[in-house]
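Residue numbers for the sequence shown follow our numbering, beginning at 2 and rising by one. Have a look at the structure below before the remarks.
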Amino acid sequence: MKKDIQIGYDYFKNSSELNDIENTLFARAKQARENAYAPYSNFLVGCSVLLENGEIFSGNNQENAAFPSGLCAERTTLFWVAANFPNEKIKKIFIVGGPREFHEKNPPIPPCGACRQSLIEYETKQNENIDLYFSSMNDVVVKVNSIKDLLPFYFDATFL
Ligand SMILES: [Zn+2]
């Protein structure tokens with residue numbers, strides 16, 4: 002028996018199609034990207050998070066000469082937020098990334114597999130989906146309504 006998995010997503014041709022809060026999150030993620038510490042990959046990523054209380058926090062990727070010791074922008078941001086606001090639900094997360102020498106054709110940059118796994122943990126914990134947006138600097142934005150859409154057959158605490 003063959004089964005299919007189907008996901009839906011929103012595709013925004015440019016930021017004029019985003020609403021106010023989405024544009025704010027996009028701007029904050031771009032701003033955070035400028036401060037990324039990525040001297041090795043020269044691949045800069047910024048991330049912003051909207052909490053249920055309306056506050057927005059941001060972060061960026063942090064690399065290390067010992068490569069595995071660095072961390073993606075998504076988890077840098079997520080772990081800080083979870084550490085400081087453990088009881089606030091995460092409503093939206095916005096990711097913007099691309100090479101330092103940005104090219105107009107760079108596609109939207111989705112979160113890596115490890116970040117998807119980390120995001121699933123918080124979505125499961127808060128029992129409420131997180132809107133996830135990812136983009137490159139060229140203004141094209143992709144949105145999914147749950148992290149689970151990006152990680153079919155995800156592993157979580159129900160298996161333990
Ligand atoms: Zn990642």
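From the three backbone atoms N, C-alpha and C, an ideal C-beta is built for every residue, glycine too.
Burial state of residue 72 is buried, judged by a 10 Å Cβ sphere holding 16 or more other Cβ atoms.
Note on the stretch 89–145: whole alpha helix (DSSP H) runs with a minimum of 4 residues are 114–127, in chain order.
Here the stretch 48–55 makes no contact with the stretch 3–12; the two share fewer than three CB pairs at distances below 8 Å.
What you get when you keep residues with a C-beta closer than 5 Å to any heavy atom of ligand 1 is 73, 113 and 116. A contact is defined here as three or more CB-CB pairs under 8 Å, and the stretch 32–40 meets this definition with respect to the stretch 56–65.
Straight-line spacing of the CA atoms in residue 19 and residue 79 works out to 23 Å. Segment contact: the stretch 84–97 against the stretch 122–142, three or more CB-CB distances shorter than 8 Å; contact assigned.
Cβ neighbours of residue 11 within its own chain (closer than 6 Å, five residues either side excluded): 144.
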